[in-house]
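2 protein chains.
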Amino acid sequence: MPKTSNIRIFVDIKDLKTGQVVELGKEQAHYLLSVMRLEDGAKISVFNGISGEFDCRLIINGKKTASLQIVDKTKDFKTVPDIWLLFAPLKKDNTDFVVEKSTELGVSAIFPVITEYTISDKVKTQRWKAQSIEAAEQSRRLDVPEIFEPLSLKEVLSKWDKKRKLFFMDETGAGSSFFQKTNQMTEPLAFLIGPEGGFSVQELETLRACPFAHAISLGPRILRAETAAIASLACWQAIKGDWQ
Amino acid sequence: MPKTSNIRIFVDIKDLKTGQVVELGKEQAHYLLSVMRLEDGAKISVFNGISGEFDCRLIINGKKTASLQIVDKTKDFKTVPDIWLLFAPLKKDNTDFVVEKSTELGVSAIFPVITEYTISDKVKTQRWKAQSIEAAEQSRRLDVPEIFEPLSLKEVLSKWDKKRKLFFMDETGAGSSFFQKTNQMTEPLAFLIGPEGGFSVQELETLRACPFAHAISLGPRILRAETAAIASLACWQAIKGDWQ
Chain A
700 MPKTSNIRIF VDIKDLKTGQ VVELGKEQAH YLLSVMRLED GAKISVFNGI
750 SGEFDCRLII NGKKTASLQI VDKTKDFKTV PDIWLLFAPL KKDNTDFVVE
800 KSTELGVSAI FPVITEYTIS DKVKTQRWKA QSIEAAEQSR RLDVPEIFEP
850 LSLKEVLSKW DKKRKLFFMD ETGAGSSFFQ KTNQMTEPLA FLIGPEGGFS
900 VQELETLRAC PFAHAISLGP RILRAETAAI ASLACWQAIK GDWQ
Chain B
700 MPKTSNIRIF VDIKDLKTGQ VVELGKEQAH YLLSVMRLED GAKISVFNGI
750 SGEFDCRLII NGKKTASLQI VDKTKDFKTV PDIWLLFAPL KKDNTDFVVE
800 KSTELGVSAI FPVITEYTIS DKVKTQRWKA QSIEAAEQSR RLDVPEIFEP
850 LSLKEVLSKW DKKRKLFFMD ETGAGSSFFQ KTNQMTEPLA FLIGPEGGFS
900 VQELETLRAC PFAHAISLGP RILRAETAAI ASLACWQAIK GDWQ
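Order-wise, the sequence lines are chains A and B.
Numbering-wise (our numbering), the first sequence opens with residue 700 and increments by one.
Numbering-wise (our numbering), the second sequence opens with residue 700 and increments by one.
Given below as structure tokens:
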């Protein structure tokens with residue numbers, strides 16, 4: 700009997716249906732055959748971010764090539780709430796961490812924003828995409844967050860769709876408490892977290908003058924940027940999102 | 700004029716008073732003189748975890764020795780809420796991360812718990828203490844979380860003070876939603892997060908049978924252990940703790 704695996708992979712194919720055979724790319728075939736050492740016929744879960752989740756059987760076509768036959772639909776598609784995370788890229792490990800954790804916490808899109816004190820302006824969105832796919836596979840999400848191309852804070856604010864409320868973490872402590880503001884935190888919404896050095900005085904003034912932007916505070920201690928990003932998403936999901 | 704620094708350090712001295720001179724240990728003197736290159740007279744904040752926060756002046760006594768003269772009390776002491784984090788140690792980076800982030804999020808004590816599927820049984824509590832002090836310094840906490848010595852889950856439960864409610868993350872999804880349970884989450888309380896592999900069936904049965912333990916769920920996605928630890932602390936602080 701071929702082993703049943705707990706493996707769950709994302710396939711970038713628009714339409715998935717029972718009976719269909721999906722050719723795997725080189726990397727995924729390598730992962731399943733050489734890293735995970737799966738046998739022909741092994742059971743795998745797949746999702747494509749729009750059709751739900753399916754059970755598949757692995758078909759090994761050669762040493763390095765494989766495909767999947769879709770056997771059964773196991774979950775209907777369900778999207779995460781419409782909540783974006785805008786954040787100023789941090790040092791490598793911390794950015795990796797934010798991408799992984801925000802995906803687990805059900806963010807719908809990740810938006811790198813370049814602020815005055817942003818240290819890292821080399822934003823590797825391809826790397827972020829790969830990381831968010833991996834986190835989506837492991838967290839059993841049915842979709843993958845969208846990763847936007849970086850923009851300056853000024854551009855972001857000037858192009859902002861005013862239907863989406865923006866909550867920014869005001870580390871000066873001048874914002875309302877998170878919980879107090881939750882009744883206003885209806886979808887679509889976005890959280891904006893500044894860089895390690897915080898927003899500049901000018902940026903804070905601009906943000907405070909935006910009618911769609913609301914300052915919030917995350918308590919009496921100074922949180923690092925990556926902690927604030929994760930905390931705000933977790934709190935929102937618990938109070939208003941899909942953890943209810 | 701000597702530079703004013705933004706440096707804030709913890710000193711392990713029971714009583715701090717204006718006018719007092721505090722001798723610095725070798726490591727802290729090295730940090731201030733050689734790493735931060737502070738000059739004689741530089742301004743520093745200190746806290747000892749019980750007396751509040753003080754402004755001090757650096758006194759350089761030699762190439763490698765220094766002391767601090769306490770100039771003024773700047774903050775009265777305030778403790779964090781009485782909330783413990785019990786968690787099964789993870790791989791090194793993830794454990795480091797939990798210690799740092801839970802300190803920022805105002806945990807009062809960190810308690811390593813060895814469960815059936817805990818990978819790492821080498822718990823370096825000395826390392827954790829140093830990490831939590833650093834995070835307390837940076838997050839501007841006035842105290843430092845207590846780090847307990849590791850115990851097995853069985854021992855923890857058998858010695859448990861029943862006045863402290865225990866909320867454990869039930870990754871089978873059988874727990875109540877976090878927000879639903881918050882009205883019961885009064886201090887003193889503790890959150891318990893299992894290891895990467897989850898609790899064993901036996902452990903879940905034992906926990907469910909404990910009258911002081913309550914199963915909670917953190918939504919429809921599978922969170923990694925470190926994400927669950929941080930999310931539970933952040934949500935509690937936002938809803939019931941000192942972020943209000």
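Using N, Cα and C, we set each Cβ at its ideal position, and we do this for glycine too.
8 Å Cβ cutoff, residue i in contact with chain B
i: Thr926 of chain A; result: yes
i: Gln825 of chain A; result: no
i: Asp941 of chain A; result: yes
i: Glu803 of chain A; result: yes
i: Arg840 of chain A; result: yes
i: Cys934 of chain A; result: yes
i: Glu752 of chain A; result: no
Minimum Cβ-Cβ distance from residue i to chain A less than 8 Å
i: Lys800 of chain B; result: yes
i: Ala937 of chain B; result: yes
Closer than 8 Å to chain E by CB, residue i
i: Gln837 of chain B; result: Annotation note: the requested chain E is absent from the structure, which comprises protein chains A and B.
Beta strand (DSSP E) segment containing residue i, residue limits
i: Asp754 of chain B; result: 752–759
i: Ala912 of chain A; result: 912–916
i: Leu888 of chain B; result: 888–892
i: Lys772 of chain B; result: 765–774
i: Lys675 of chain A; result: The structure shown does not extend to residue 675 of chain A, since chain A is modelled only from 700 to 943, so the question has no answer here.
i: Phe847 of chain A; result: First-last for Phe847 of chain A: undefined, no H or E at that position.
i: Ile782 of chain B; result: 782–786
Same chain only: Cβ atoms within 7 Å of residue i, ignoring 5 sequence neighbours per side
i: Gln727 of chain B; result: Ile708
i: Ile832 of chain B; result: Phe709, Val843
i: Ser876 of chain A; result: Ser916
i: Asp754 of chain B; result: Lys742, Ser744, Val770, Asp771, Thr773
i: Gly896 of chain A; result: Tyr816
i: Thr881 of chain B; result: Ile938, Lys939
Same chain only: Cβ atoms within 6 Å of residue i, ignoring 5 sequence neighbours per side
i: Pro811 of chain A; result: Pro788, Val822, Pro849
i: Leu785 of chain B; result: Phe810, Val812, Ala889, Leu891
i: Asp739 of chain B; result: Ile759
i: Glu886 of chain B; result: Pro780, Asp781
i: Glu803 of chain A; result: Ala834, Ser838
i: Ser899 of chain B; result: Glu815
i: Phe866 of chain A; result: Phe890, His913, Ile915
i: Ala933 of chain B; result: Leu804
i: Ser931 of chain A; result: Phe890
i: Gly748 of chain A; result: Asp842, Val843
i: Trp827 of chain A; result: Val798, Ile846
First and last residue of the uninterrupted alpha helix (DSSP H) at residue i
i: Lys853 of chain A; result: 852–857
i: Val812 of chain A; result: Val812 of chain A -> not in any alpha helix (DSSP H); beta strand (DSSP E) instead, spanning 808–813.
i: Val798 of chain B; result: 791–803
i: Trp942 of chain A; result: First-last for Trp942 of chain A: undefined, no H or E at that position.
i: Thr817 of chain A; result: From DSSP, Thr817 of chain A is part of no alpha helix (DSSP H); its letter is neither H nor E.
i: Thr905 of chain A; result: 900–908
i: Ile832 of chain A; result: 824–838
i: Gln879 of chain A; result: 877–880
Close-in-space but distant-in-sequence residues of the same chain around residue i (CB under 8 Å, 5 per side omitted)
i: Leu732 of chain B; result: Ile759, Lys762, Lys763, Ala765
i: Thr778 of chain A; result: Ser807, Leu841, Asp842
i: Trp681 of chain A; result: Because chain A spans 700 through 943 in this model, residue 681 of chain A falls outside it and cannot be assessed.
i: Gln830 of chain B; result: Asp795, Val798, Glu799, Thr802
i: Thr717 of chain A; result: Phe753, Ile769, Val770, Asp771, Lys772
i: Phe911 of chain A; result: Trp859, Lys861, Arg863, Lys864, Leu865
i: Phe847 of chain B; result: Ala808, Ile809, Phe810, Pro811, Thr824
Cβ-heavy atom distance, residue i to the ligand MN, below 7 Å
i: Arg907 of chain A; result: Although the ligand MN was asked about, the structure shown includes no ligands whatsoever.
Checklist entry - What residues from the stretch 867–880 of chain B come within 8 Å of chain A, judged by C-beta to C-beta, listed N to C? => result Ser876, Phe877, Phe878, Gln879
Checklist entry - When you check each C-beta in the stretch 902–932 of chain A against every C-beta of chain B, which residues fall closer than 7 Å? => result Leu917, Gly918, Pro919, Arg920, Ile921, Leu922, Arg923, Thr926, Ile929, Ala930
Checklist entry - Unbroken beta strand (DSSP E) runs of length 3 or more, entirely within the stretch 718–749 of chain B: which are they? => result 720–722, 742–746
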